[in-house]
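Protein chains in written order, with our numbering: chain A, 149 to 628; chain B, 149 to 628.
Number of protein chains: 2
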Amino acid sequence: MRAISTVLGTKVLGTGLAASLLLALSAPAGAQTRIPEQAVDTATQLRETALASDLGYRITESLTTEVGPRLAGSEADARAVEWAKAKFEALGYDKVWLEPVTFPKWVRRSESGQVVGRHAQPLTLTALGGSPGGTVEAEVVRFADLAALQAAPAGSLAGKIAFIDYRMERARDGSGYGPGSRVRSGGPSAAIRAGAAGYLMRSAGTDSHRNPHTGITRFDDGLEPIPAAALSVPDADQLTRLLALGKPVTVRMALDCGWDGEATSHNVIGEITGSSRPQEVVLIGGHLDSWDLGTGAVDDGAGVGLTMAAGKLIGDLPTAPARTIRVVAFANEEQGLWGGKAYAEKYAEEVRRHQIAAESDFGAGRIYAISTGAPEYAQDAVKQIAEVLAPLGIEYAGDAGGPGPDISPFAAQGLAWARLAQDGSDYFDLHHTPDDTFDKIDPAALAQNVAAYAVFAYLAASAEGDFGSGVQADGATDGK
Amino acid sequence: MRAISTVLGTKVLGTGLAASLLLALSAPAGAQTRIPEQAVDTATQLRETALASDLGYRITESLTTEVGPRLAGSEADARAVEWAKAKFEALGYDKVWLEPVTFPKWVRRSESGQVVGRHAQPLTLTALGGSPGGTVEAEVVRFADLAALQAAPAGSLAGKIAFIDYRMERARDGSGYGPGSRVRSGGPSAAIRAGAAGYLMRSAGTDSHRNPHTGITRFDDGLEPIPAAALSVPDADQLTRLLALGKPVTVRMALDCGWDGEATSHNVIGEITGSSRPQEVVLIGGHLDSWDLGTGAVDDGAGVGLTMAAGKLIGDLPTAPARTIRVVAFANEEQGLWGGKAYAEKYAEEVRRHQIAAESDFGAGRIYAISTGAPEYAQDAVKQIAEVLAPLGIEYAGDAGGPGPDISPFAAQGLAWARLAQDGSDYFDLHHTPDDTFDKIDPAALAQNVAAYAVFAYLAASAEGDFGSGVQADGATDGK
Numbered sequence: 149m150r151a152i153s154t155v156l157g158t159k160v161l162g163t164g165l166a167a168s169l170l171l172a173l174s175a176p177a178g179a180q181t182r183i184p185e186q187a188v189d190t191a192t193q194l195r196e197t198a199l200a201s202d203l204g205y206r207i208t209e210s211l212t213t214e215v216g217p218r219l220a221g222s223e224a225d226a227r228a229v230e231w232a233k234a235k236f237e238a239l240g241y242d243k244v245w246l247e248p249v250t251f252p253k254w255v256r257r258s259e260s261g262q263v264v265g266r267h268a269q270p271l272t273l274t275a276l277g278g279s280p281g282g283t284v285e286a287e288v289v290r291f292a293d294l295a296a297l298q299a300a301p302a303g304s305l306a307g308k309i310a311f312i313d314y315r316m317e318r319a320r321d322g323s324g325y326g327p328g329s330r331v332r333s334g335g336p337s338a339a340i341r342a343g344a345a346g347y348l349m350r351s352a353g354t355d356s357h358r359n360p361h362t363g364i365t366r367f368d369d370g371l372e373p374i375p376a377a378a379l380s381v382p383d384a385d386q387l388t389r390l391l392a393l394g395k396p397v398t399v400r401m402a403l404d405c406g407w408d409g410e411a412t413s414h415n416v417i418g419e420i421t422g423s424s425r426p427q428e429v430v431l432i433g434g435h436l437d438s439w440d441l442g443t444g445a446v447d448d449g450a451g452v453g454l455t456m457a458a459g460k461l462i463g464d465l466p467t468a469p470a471r472t473i474r475v476v477a478f479a480n481e482e483q484g485l486w487g488g489k490a491y492a493e494k495y496a497e498e499v500r501r502h503q504i505a506a507e508s509d510f511g512a513g514r515i516y517a518i519s520t521g522a523p524e525y526a527q528d529a530v531k532q533i534a535e536v537l538a539p540l541g542i543e544y545a546g547d548a549g550g551p552g553p554d555i556s557p558f559a560a561q562g563l564a565w566a567r568l569a570q571d572g573s574d575y576f577d578l579h580h581t582p583d584d585t586f587d588k589i590d591p592a593a594l595a596q597n598v599a600a601y602a603v604f605a606y607l608a609a610s611a612e613g614d615f616g617s618g619v620q621a622d623g624a625t626d627g628k
Numbered sequence: 149m150r151a152i153s154t155v156l157g158t159k160v161l162g163t164g165l166a167a168s169l170l171l172a173l174s175a176p177a178g179a180q181t182r183i184p185e186q187a188v189d190t191a192t193q194l195r196e197t198a199l200a201s202d203l204g205y206r207i208t209e210s211l212t213t214e215v216g217p218r219l220a221g222s223e224a225d226a227r228a229v230e231w232a233k234a235k236f237e238a239l240g241y242d243k244v245w246l247e248p249v250t251f252p253k254w255v256r257r258s259e260s261g262q263v264v265g266r267h268a269q270p271l272t273l274t275a276l277g278g279s280p281g282g283t284v285e286a287e288v289v290r291f292a293d294l295a296a297l298q299a300a301p302a303g304s305l306a307g308k309i310a311f312i313d314y315r316m317e318r319a320r321d322g323s324g325y326g327p328g329s330r331v332r333s334g335g336p337s338a339a340i341r342a343g344a345a346g347y348l349m350r351s352a353g354t355d356s357h358r359n360p361h362t363g364i365t366r367f368d369d370g371l372e373p374i375p376a377a378a379l380s381v382p383d384a385d386q387l388t389r390l391l392a393l394g395k396p397v398t399v400r401m402a403l404d405c406g407w408d409g410e411a412t413s414h415n416v417i418g419e420i421t422g423s424s425r426p427q428e429v430v431l432i433g434g435h436l437d438s439w440d441l442g443t444g445a446v447d448d449g450a451g452v453g454l455t456m457a458a459g460k461l462i463g464d465l466p467t468a469p470a471r472t473i474r475v476v477a478f479a480n481e482e483q484g485l486w487g488g489k490a491y492a493e494k495y496a497e498e499v500r501r502h503q504i505a506a507e508s509d510f511g512a513g514r515i516y517a518i519s520t521g522a523p524e525y526a527q528d529a530v531k532q533i534a535e536v537l538a539p540l541g542i543e544y545a546g547d548a549g550g551p552g553p554d555i556s557p558f559a560a561q562g563l564a565w566a567r568l569a570q571d572g573s574d575y576f577d578l579h580h581t582p583d584d585t586f587d588k589i590d591p592a593a594l595a596q597n598v599a600a601y602a603v604f605a606y607l608a609a610s611a612e613g614d615f616g617s618g619v620q621a622d623g624a625t626d627g628k
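Here it is, written out as structure tokens:
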């Protein structure tokens, strides 16, 4: 296959170098990946067609309206799988199929919280995904951040509720979510180690509404899980004000939720078959599951809708690009990248077939940059793509960032990734909350995303030469 | 008393004229109400003191934090009464007392809604105040507005759920709330007349969050009440999209709420005693009760906090104004102006003692205008007040608008009113929702409100001459 022989040409240079250093390598003359001029012309037309289309918006509307919330493993998740298969078929994809993904099933039945005593009042909270059920009524002890709770001596919170009041920062690139989500993932285990009976956190979010942010948590091995929940931002403010009065504050949190056996959902896949190198695949996609509080519009109905639309618009061209466009609606991203892991496992031997992959899972804001993990010999081709994207307000950004969540397991096995970086300034106003609903999506911004993904996928699928998938540290390739 | 003799001077002019026409009358020379120069100087200082103070903000914080939501007749409402009495006392008011107010008690226990069938998903809704409990599972019939539902033939909605999808308009002066709130007050009876088993409405609100707007409704005499609820704005959008798919949509709404006997709460009153005419009263205030979903910060913790602060700052002056400043935290405004009606009834014979009244019950936005229902002979004095308010961005606005809700029953009996018009552009984003919380208040805007109320109350209490309270159509006066 052409792509393999191209990369094999780099072998003489690569022995013993770390894969990341490949970025600094120059391939021999003639091994440079490049995009044919005619493909650039077609992509330019495709971009304008996509900008004028509301297809991505309508697909996203259909999913979020007709299915609504679709917690992994739920009845609605199964409906979402049916919906995705039917939608790929209705859009005229050449091949459509399901791949099973099995995972532990978590269910939320009810949840409530309140301050008890002289300042009695309800608190708006939501169980963290993975929390056990249970009712805890106890004094609250506040910590400014995760490190403060981790420093609490063992036993010092015996019978109490630990509360981390960390306020997440707003940022275009979502960089505030790293520390914010670590409070969610690491807080409960730290609380248990200090003896706490329950765990509360200020939501990892940037809004100011009575809509708490859920999201998966975990418990370190050997610890007995405790009920763990997030307060809405105004409720965290309120609890902090009550604590500032200087007297003990008792909260009752009652969660009815927990793990409940296993469930099987599906990665749903649609393909536009390549015209000359159909075995080579450019992968785009989003994740089909959502949290249960909203209808999963920005997380990640938009990602599914816009990549489905991009593939469909490529399929509408008179001639398909050389390579196959594969659109994947991944199963159960939210609770641990289950769909992405299943995909990486299933295709472990076929990383070389996958030329490059990009997942949209950061909302529906405009894309402002493209970056890839591709090696130096492919960067001119990425720059060619960036030139076609430039009228959309998108800049070339080298190797900034990393792969989307569902392609990250496969990227760890050598898959080349691209990142179409979205403006996520308001993403964490909505993410994992009841407020993640279709009305929050700007149709013009979504069309810009469709245009960007269509251009990217079409040009990557038209490139002569590869983007580095399956290139080992020693310059060898794996997969077939 | 000076004020009476001043008004008696107008008697020769007024025979047979409607009270509203008094605005067009000129009092005889010497009967003009005016404000002494020294009072203007003091008020100018007071304005600056108030602007630099966070007292109103802190009082509002105290109420909304320590008491939280305070539905009329609830345990928390009783705590709010205790809080208000203690706060007036702590602020050093000269007199503090309670006046009982009895009303029917409405309680909300639980509520839920969902679409059932092939698009099964939860809907966020809240029972309207006054709704009976009950569970209805029925097909939804959508109406664009109240008139459309009112035009539905009797029996045409037998067993169905009527849904009014009217979208309220945003406006600085809140003028969109008239038609919006009529959907809430008039919709249920129209639904019953058409045979409906349940009633849903798009919330009377201007936000886009999953926070429904409650508020009182009523049922016309002779009709059997049905469960009545408001969907959040995004949920109304969602239901409308589902209906647009063209197949019947069935919703299950389950409300556990209803009337439950009577309750007695209290108007809580604090006074700063006037220095030379203590029997004459200038009244300012807000309402102490709130809906139960939020903590009643903009509706109407702010009104209580800012008027309490204004009175306190007047009380801190070396010399009190001539007249008494009375600050009233009214009971149960939300369910039918019960506190305002009780006040008007109790003081029906004393309207002449009440020189003028202003209630703050439109959030915590900046005040942009002052208007009154005072007669022409008092308008120069109002303009004098407006001059002191002008540096706050406040304009003189004649007789625009009308009295605040709790003073309107007394105004109907002849009480002169003032309106300090607030910018309510975002008020109906929050009003009657879970999102009405303290974090929504801008402390600088609240200080501006305190300054305006302090200046207004101080100068009205310092005026020589009256503002028209108790002046009859024939120019006579009533009360003592």
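Virtual Cβ for every residue (Gly too), placed ideally from N, Cα, C.
Note that the structure is a prediction, hence the values are computed from the model and not measured.
Beta-carbon separation (whole angstroms), A/VAL429 vs A/ARG471, contact threshold 8 Å: Against the first sequence, residue 429 of chain A aligns to sequence position 281. Against the first sequence, residue 471 of chain A aligns to sequence position 323. So it is a contact: roughly 6 Å between Cβ atoms.
For A/GLU494, the nearest candidate out of A/PRO557, A/ASP464 and A/LEU441 (CA to CA): Here residue 494 of chain A refers to the residue found at position 346 when the first sequence is read from its first residue. The question names Glu, but residue 494 of chain A in the sequence shown is Lys. Checked all of A/PRO557, A/ASP464 and A/LEU441; the closest Cα to A/LYS494 is A/PRO557.
Alpha-carbon to alpha-carbon, A/ILE515 and A/ALA545: Locating residue 545 of chain A in the first sequence gives position 397, counting from the first residue. Locating residue 515 of chain A in the first sequence gives position 367, counting from the first residue. Those two C-alpha atoms are separated by around 12 Å.
Coil, strand or helix - B/ALA512 by DSSP: On the second sequence, position 364 is the one that residue 512 of chain B refers to. In the three-state DSSP reduction, B/ALA512 falls in the coil class, being neither helix nor strand.
Neighbourhood of A/THR192 by C-beta distance below 7 Å, restricted to the same chain and skipping five residues each side: Along the first sequence, read from residue 1 onward, the residue named residue 192 of chain A stands at position 44. For A/THR192, where only same-chain residues beyond five positions count, the Cβ hits under 7 Å are VAL536.
Closer than 8 Å to chain A by CB, B/GLU230: Position 82 of the second sequence, counted from the first residue, corresponds to residue 230 of chain B. With respect to chain A, the C-beta atom of B/GLU230 has no partner C-beta closer than 8 Å.
CA nearest to the CA of A/LEU305, picked from A/VAL475, A/ASP369 and A/ILE374: Counting from one through the first sequence, the residue named residue 305 of chain A turns up at place 157. Checked all of A/VAL475, A/ASP369 and A/ILE374; the closest Cα to A/LEU305 is A/ILE374.
Local Cβ density within 10 Å of A/GLU410, reported as buried at 16 or more and exposed below that: Start at 1 with the first residue of the first sequence, and residue 410 of chain A comes out as number 262. Exposed is the call here.
Every unbroken beta strand (DSSP E) inside the segment 336-371 of chain A [3 residues or more]: 346-350
Residue range of the unbroken alpha helix (DSSP H) whose run includes A/PHE558: Along the first sequence, one-based indexing puts residue 558 of chain A at 410. Its alpha helix (DSSP H) spans residues 556-559.
B/ARG227: first and last residue of the uninterrupted alpha helix (DSSP H) it sits in: For this step, residue 227 of chain B is matched to residue 79 along the second sequence. It spans 223-238 - the alpha helix (DSSP H) in which B/ARG227 sits, taken as one unbroken run.
Outcome for A/LYS531 when other beta-carbon atoms lying within 10 angstroms are tallied against a minimum of 16: Residue numbering aside, residue 531 of chain A sits at position 383 when the first sequence is read from its first letter. That one is exposed.
Reference A/ASP293; option with closest CA among A/ARG218, A/LEU461 and A/ALA338: Counting from one through the first sequence, the residue named residue 293 of chain A turns up at place 145. It is A/ALA338 whose Cα lies nearest to the Cα of A/ASP293.
Stretch-stretch touch, CB-based, cutoff 8 Å, three pairs: the segment 405-422 of chain B with the segment 183-198 of chain B: Proximity of the segment 405-422 of chain B to the segment 183-198 of chain B falls short of the contact definition, fewer than three beta-carbon pairs being nearer than 8 Å.
The beta strand (DSSP E) enclosing B/PRO375, as first and last residue numbers: For this step, residue 375 of chain B is matched to residue 227 along the second sequence. Taken as a continuous stretch (DSSP letters only), B/PRO375 belongs to no beta strand (DSSP E), as it is neither H nor E.
Through-space distance from B/GLY346 to A/GLY412, alpha-carbon basis: By one-based count along the first sequence, residue 412 of chain A stands at place 264. By one-based count along the second sequence, residue 346 of chain B stands at place 198. Before going further, note that residue 412 of chain A is Thr rather than Gly in the sequence given. Distance between the alpha carbons of A/THR412 and B/GLY346 is about 38 Å.
Inter-residue Cα distance where the pair is A/ARG206 and A/SER438: The residue you call residue 206 of chain A lines up with position 58 of the first sequence. The residue you call residue 438 of chain A lines up with position 290 of the first sequence. For A/ARG206 and A/SER438, the distance between alpha carbons rounds to 18 Å.
Per DSSP, cross-strand counterpart(s) of A/ARG500: Looking up residue 500 of chain A in the first sequence gives position 352. The partner list for A/ARG500 (beta bridge, DSSP) is empty, contrary to what the question assumes.
Cutoff 8 Å: A/GLN561 Cβ touching any chain B Cβ: What you label residue 561 of chain A is simply residue 413 of the first sequence in a count that begins at 1. At a cut-off of 8 Å between beta carbons, A/GLN561 makes no contact with chain B.
Integer Cβ distance of A/LEU594 from A/ASP440, believed to fall under 8 Å: Taking the first sequence and counting its residues from 1, the one referred to as residue 594 of chain A is at position 446. Taking the first sequence and counting its residues from 1, the one referred to as residue 440 of chain A is at position 292. Incorrect: roughly 23 Å between the Cβ atoms, too far for contact.
Rounded separation between A/THR97 and B/THR362 - CA only: Residue 97 of chain A lies beyond the residue range present for chain A, which begins at 149 and ends at 628; the question has no answer from this structure.
A/ILE462 - DSSP class collapsed to helix/strand/coil: Translated into positions along the first sequence, residue 462 of chain A becomes position 314. In the structure shown, A/ILE462 sits in a helix (DSSP, three-state: H, G or I).
8 Å Cβ cut-off: residues of chain B touching A/GLN527: Within the first sequence, numbered from 1, the residue matching residue 527 of chain A stands at position 379. Simply none; closest approach about 42 Å.
C-beta atoms of A/SER279 and A/THR197 nearer than 8 Å: Counting from 1 along the first sequence, the entry for residue 279 of chain A is found at position 131. Counting from 1 along the first sequence, the entry for residue 197 of chain A is found at position 49. Contact flag unset, no.
Backbone secondary structure at B/LEU441 - three-state DSSP: Residue mapping note: residue 441 of chain B aligns to position 293 of the second sequence, counting from 1. Here B/LEU441 sits in coil by DSSP.
For A/TYR314, the three-state DSSP class (helix, strand or coil): What you label residue 314 of chain A is simply residue 166 of the first sequence in a count that begins at 1. The three-state reading of DSSP puts A/TYR314 in coil, since its state is none of H, G, I, E or B.
Proximity winner among B/ARG389, B/ALA458 and B/ASP464, relative to A/PHE586 (alpha-carbon distances): For the purposes of this step, residue 586 of chain A is taken as the residue at position 438 of the first sequence. Looking at the Cα atoms, B/ARG389 is the closest of the given residues.
Pair within 8 Å by beta-carbon distance, B/GLY618 and B/TRP565: If you number the second sequence from 1, residue 618 of chain B lands on position 470. If you number the second sequence from 1, residue 565 of chain B lands on position 417. Going by C-beta atoms, B/GLY618 is not nearer than 8 Å to B/TRP565.
Through-space distance from A/VAL598 to A/TRP486, alpha-carbon basis: By one-based count along the first sequence, residue 486 of chain A stands at place 338. By one-based count along the first sequence, residue 598 of chain A stands at place 450. Roughly 25 Å between the two C-alpha positions.
Segment limits, alpha helix (DSSP H) that includes B/ALA611: Counting from 1 along the second sequence, the entry for residue 611 of chain B is found at position 463. Premise fails: B/ALA611 is in no alpha helix (DSSP H) and is neither H nor E.
Simplified DSSP assignment, three categories, for B/ASP408: Translated into the one-based positions of the second sequence, residue 408 of chain B becomes position 260. Of the three classes helix, strand and coil, the one that applies to B/ASP408 here is strand, per DSSP.
Residues of the segment 223-250 of chain A with Cβ closer than 9 Å to any Cβ of chain B, in chain order: GLU223, ALA224 and ARG227
Contacts around B/GLY488, its chain only, beta-carbon distance under 6 Å, and the 5 residues preceding and following it disregarded: Residue mapping note: residue 488 of chain B aligns to position 340 of the second sequence, counting from 1. In the same chain as B/GLY488, and ignoring 5 residues on each side of it, the C-beta atoms closer than 6 Å to its own belong to PHE478, ASP554 and PRO557, in chain order.
Three-pair Cβ contact test at 8 Å for the segment 566-581 of chain B versus the segment 350-360 of chain B: yes
Supposed close pair B/LEU568, B/HIS502 - CB separation, criterion 8 Å: Taking the first residue of the second sequence as 1, we reach residue 568 of chain B at position 420. Taking the first residue of the second sequence as 1, we reach residue 502 of chain B at position 354. Actually they do not touch by this definition, with Cβ atoms about 17 Å apart.
Distance between B/ASP614 and B/LEU246 (C-alpha atoms, nearest Å): In the second sequence, counting from the first residue as 1, residue 246 of chain B sits at position 98. In the second sequence, counting from the first residue as 1, residue 614 of chain B sits at position 466. Going by the C-alpha atoms only, they are around 27 Å apart.
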